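Right, one structure below, let's go through it.
Protein chains: 2
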Amino acid sequence: MSEKTREPNALAAIHQWLAEREHQAAQLLAQMTRCRSVQGQETEIQQLLAAQLERLGMEVDLWEPDGEELSSHPLFASPRTDFAGSPNLAAKLPGSGGGRSFLLNGHIDVVPVGDPEQWTQDPWGGNLVEGRLYGRGASDMKGGVAASLLALQALQGCGIRLAGDVIFESVMEEESGGAGTLAASLRGYRADAGLIPEPTGLAVFPKQQGSLWFRLTVHGRGAHGGSRYEGVSAIEKAMGVVAAVLELEKERNSRITDPLYAATPIPVPINLGVIGGGEWPSSVPDRVALEGRMGVAPDETIQNAQAQMSRAISKLGQKDGWLAEHPVELEWFGARWLPCSLDPESELVRMLVEVVEEVRGESPAMVAAPWGTDAGLLGAAAGVPTVVFGPGVVATAHQPDEYVLLEDVMTAAEVIALMLLRWCGRG
Amino acid sequence: MSEKTREPNALAAIHQWLAEREHQAAQLLAQMTRCRSVQGQETEIQQLLAAQLERLGMEVDLWEPDGEELSSHPLFASPRTDFAGSPNLAAKLPGSGGGRSFLLNGHIDVVPVGDPEQWTQDPWGGNLVEGRLYGRGASDMKGGVAASLLALQALQGCGIRLAGDVIFESVMEEESGGAGTLAASLRGYRADAGLIPEPTGLAVFPKQQGSLWFRLTVHGRGAHGGSRYEGVSAIEKAMGVVAAVLELEKERNSRITDPLYAATPIPVPINLGVIGGGEWPSSVPDRVALEGRMGVAPDETIQNAQAQMSRAISKLGQKDGWLAEHPVELEWFGARWLPCSLDPESELVRMLVEVVEEVRGESPAMVAAPWGTDAGLLGAAAGVPTVVFGPGVVATAHQPDEYVLLEDVMTAAEVIALMLLRWCGRG
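Protein chains in written order, with the numbering used here: chain B, 400 to 826; chain C, 400 to 826.
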């Protein structure tokens, strides 16, 4: 007898319960989106979620992690060590006993808005237009967090109790390397398996690339701009550095053969995200810094990726005498996400695929994520094998006019509720 | 009877007076260099100079220009309109009557230090090492301002009174377009001729290029760095913009034939001084801004240079569909220096050349400056034909380890003193 047939009434009840509450779900998500939870400003949304979890009768734990203590851990990676204004939230729904435990993890920190001119919707408005709920973080990943919360509400609303415990983690700092998930793991929250509803567009991601931040500092020699031939422009030298990084990205991706990456144009991208240098229009710039994010393949080590970048940057000096004498500096700083690789044939992944088939009536796409999540860290720090599946339009994450389809949030909630029932068992 | 023979005793006396005071001159210049007179912080050095000028019995005028009033003038160009903390200084030494007047103008604002790591000397130390006085602004142009002051002191010290008036202007804001010189001109300070002791390395500059600041804003489209193929990197697009600017510079300079530019590798350079864009290492940058300074040939108009830049930037869209739809924006902002072109055969230039020959025993180099000065503005706003000649190592201006040769400061002081005597006549 397959899993599918065991709880036909439960699925129908959950579906019905959620379908009748789409309006309230949209209101909750809009309210979450209106919280401007860029890093350091996560208190408001965590308090909002804590109130929702308390209403479910869960044991709620809201705390600001001690950055000093956290930063001494070998898995810590963050540009900051002070987490004032960035509380973490965890809550437990105790099972009736005898079932396996499950952990739902999601982050509520969002990246900055970027150039507001490029938004046609209010980035903090939570406006619902033709089924799309707009706002910074709508896809990445307040939609997913809302889906997890809705799943728990639906189970309770349908009078379904679970045998195993459910842990709900709403963490900060995912966008800078997972200090929130690390803090929750070190506080003792763990389970037999986990799910992170990052915006996969309802695909199943058993593997995610890791990634890490780097800084390249390019040196020039200052001079008066009017006699700029007396100097060496760090901006011009930076052009060569950008070209070398693009070349390295091309080389690395030409070696990726994992079929889960077949549909991904650049499986392990190297993104140059920030550039800055020079102080004065009339001076030759003596320093330009580039900051970026290097993808690490799911089965690659962080160390291997770092060594390839080092080599590519060292090679610049072979063709450029100035760079030979004034080498570009490479630093690994701030954020880092560990790669994650689950066996697509493991019980956790197979069960999720079946649940999605049952809810949606079709098989989900199975891909390797082109971006990092906290799943690798949950595995390394808390021993929780974690799969990634959630609502959200990945193409709009970190972009202007970010949005999530409300319909997908409801579908994900249904999948998560059924997944909890299957994994933890009925109590 | 040539000018040379008219005042043999005066020259010898001035030379002797200065030679005996090299130590005090170094102390004065060191004291000036220790004033951290970046823009907005010029009060301390102006007060120091005001005290020196008062000691010479001059009528001293120290005032903070009214930015509101100033900014309505058509020749105004500055990134700011509030000049609090940036007083201007002018002083008059009345002649005995019957002589022509002369104006000495110099700026005491300095550009920022840049990367302090690249300095081996304290940028604010004013240290004298093997005849070199080090510090930000030592060459550009506190050495020249000191030379002008020393010239007046030497004339007084030798008991030489002049027939014509001398105006001494110590102005702010030259590094951003000359609001200080404009303010002094509008306050009524003018003369029959002028000299600006910018760092020419004791060469005579009858022509200087003009220049103006521009900003290029390059648009991309944000995306999550992990799926960066969904976005368009403004950093990558900026590389093409940098290349187009370099190409335009090449074209423009290939057309310069003025023999005064024969020794200048890039007569009218286009300097890209500042780059900045992107907010997050893991996001595709949606905007990069480049700020720079475009040289304008002495006999070219500002309008012509602007039109050429506009054309070069518009052309980018012809080869790049993204840039065709999202054109690079060009703005002319902040500073602007008018070009200046004196006839090398004019009395002012000939007289200066002869005085330099007399003091140094050899003819000065005569070149067209590769950078702008306030001379064009002095001509346009106050009607003062102005030549540029001064101590200083132009290759170190705006650079780390900027210095001036103390010996050149003393030589310039001697040249200026004798020039005043020749131009204004003995009183």
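We put the CB at the ideal spot given by N, CA and C, even for glycine. What you are looking at is a predicted structure, and each value in this text was computed from that prediction instead of being measured.
In the DSSP annotation of this structure, the continuous segment of the alpha helix (DSSP H) that includes M818(C) starts and ends at L805 to C823. For D514(C), the chain B residues whose C-beta falls within less than 7 Å of its own C-beta are D685 and R686, listed in chain order. In the DSSP assignment, E746(B) is bridged to no other residue. Under the 8 Å criterion on CB atoms, L671(B) is classed as interfacial with respect to chain C. Identification of residues in the segment 629 to 659 of chain C having a C-beta nearer than 8 Å to some C-beta of chain B yields E629, G630, S632, I634, E635, A637, M638, V641, A642 and L645, given in sequence order. Secondary structure in the segment 610 to 682 of chain C: the beta strand (DSSP E) runs of 3 residues or longer, each lying completely within the stretch, are 669 to 676 in chain order. Short of 6 Å from the beta carbon of S584(B), and not among the five residues preceding or following it, lie these beta carbons of its own chain, in chain order: A780 and A781.
Interface annotation for the segment 753 to 783 of chain C against chain B: A768, P769, W770 and G771, criterion Cβ-Cβ distance under 9 Å. One alpha carbon belongs to P493(B), the other to D460(B), and they sit about 14 Å apart. Bounds of the beta strand (DSSP E) holding H506(C) are F501 to H506. Bounds of the alpha helix (DSSP H) holding K718(B) are I701 to K718. A distance below 6 Å between beta-carbons, with the five flanking residues on each side excluded, links I566(B) to the following residues of its chain, in chain order: K491, L502, Y588 and A590. Where R433(C) is concerned, the enclosing alpha helix (DSSP H) starts and stops at E421 to R433. For the pair of segments examined, the segment 797 to 813 of chain B was found not to touch the segment 726 to 746 of chain B: the number of CB pairs separated by less than 8 Å stays below three.
At the C-beta level, G543(B) and G534(B) stay beyond 8 Å of one another. Distance from F788(C) to P596(C) at the Cβ level is roughly 6 Å; contact confirmed, criterion being Cβ atoms closer than 8 Å. Here the alpha carbons of R499(B) and A424(B) stand approximately 28 Å from one another.
Within chain C, the residues P680 have their CB atoms less than 7 Å from the CB of E690(B), given in chain order.
With contacts defined as CB atoms closer than 8 Å, K541(B) and L428(B) qualify as a contacting pair. Contact annotation: in the segment 786 to 798 of chain C, residues whose CB is within less than 8 Å of a CB in chain B are V793, A794, A796, H797 and Q798.
Looking at the DSSP output, T785(B) shares a beta bridge with G593(B). Contact between the segment 676 to 693 of chain C and the segment 665 to 679 of chain B is present, with at least three C-beta pairs closer than 8 Å.
Judged by DSSP in its simplified three-state form, W736(C) adopts strand. Using a Cβ-Cβ cut-off of 8 Å, W612(B) counts as an interface residue toward chain C, since at least one Cβ of chain C sits closer than that to its own. With respect to L615(C), I712(C) sits close: the two C-beta atoms are nearer than 8 Å. Non-local C-beta neighbours of A764(C) in its own chain, meaning closer than 6 Å and more than five positions away in sequence, comprise A602, ordered along the chain. C-alpha of V786(C) to C-alpha of L581(C): approximately 17 Å in a straight line. The Cβ atoms of C823(C) and G778(C) lie no closer than 8 Å to each other. Each of I815(C), R435(C) and T480(C) was checked against the Cα of E756(C), and the nearest Cα belongs to I815(C). The beta carbon of I595(C) does not come within 8 Å of any beta carbon belonging to chain B, so the residue lies off that interface.
Beta-bridge partners assigned by DSSP to E458(C): K491(C).
P790(C) has its alpha-carbon roughly 20 Å from the corresponding atom of E572(C).
For E467(B), the enclosing alpha helix (DSSP H) has its first and last residue at G466 to L469.
DSSP, read as helix, strand or coil, puts V754(C) in helix. Between L561(C) and R825(C), the gap from beta carbon to beta carbon is short of 8 Å.
The beta-carbon distance between P478(B) and A734(B), rounded to whole angstroms, is 7 Å. This is short enough to meet the 8 Å contact definition.
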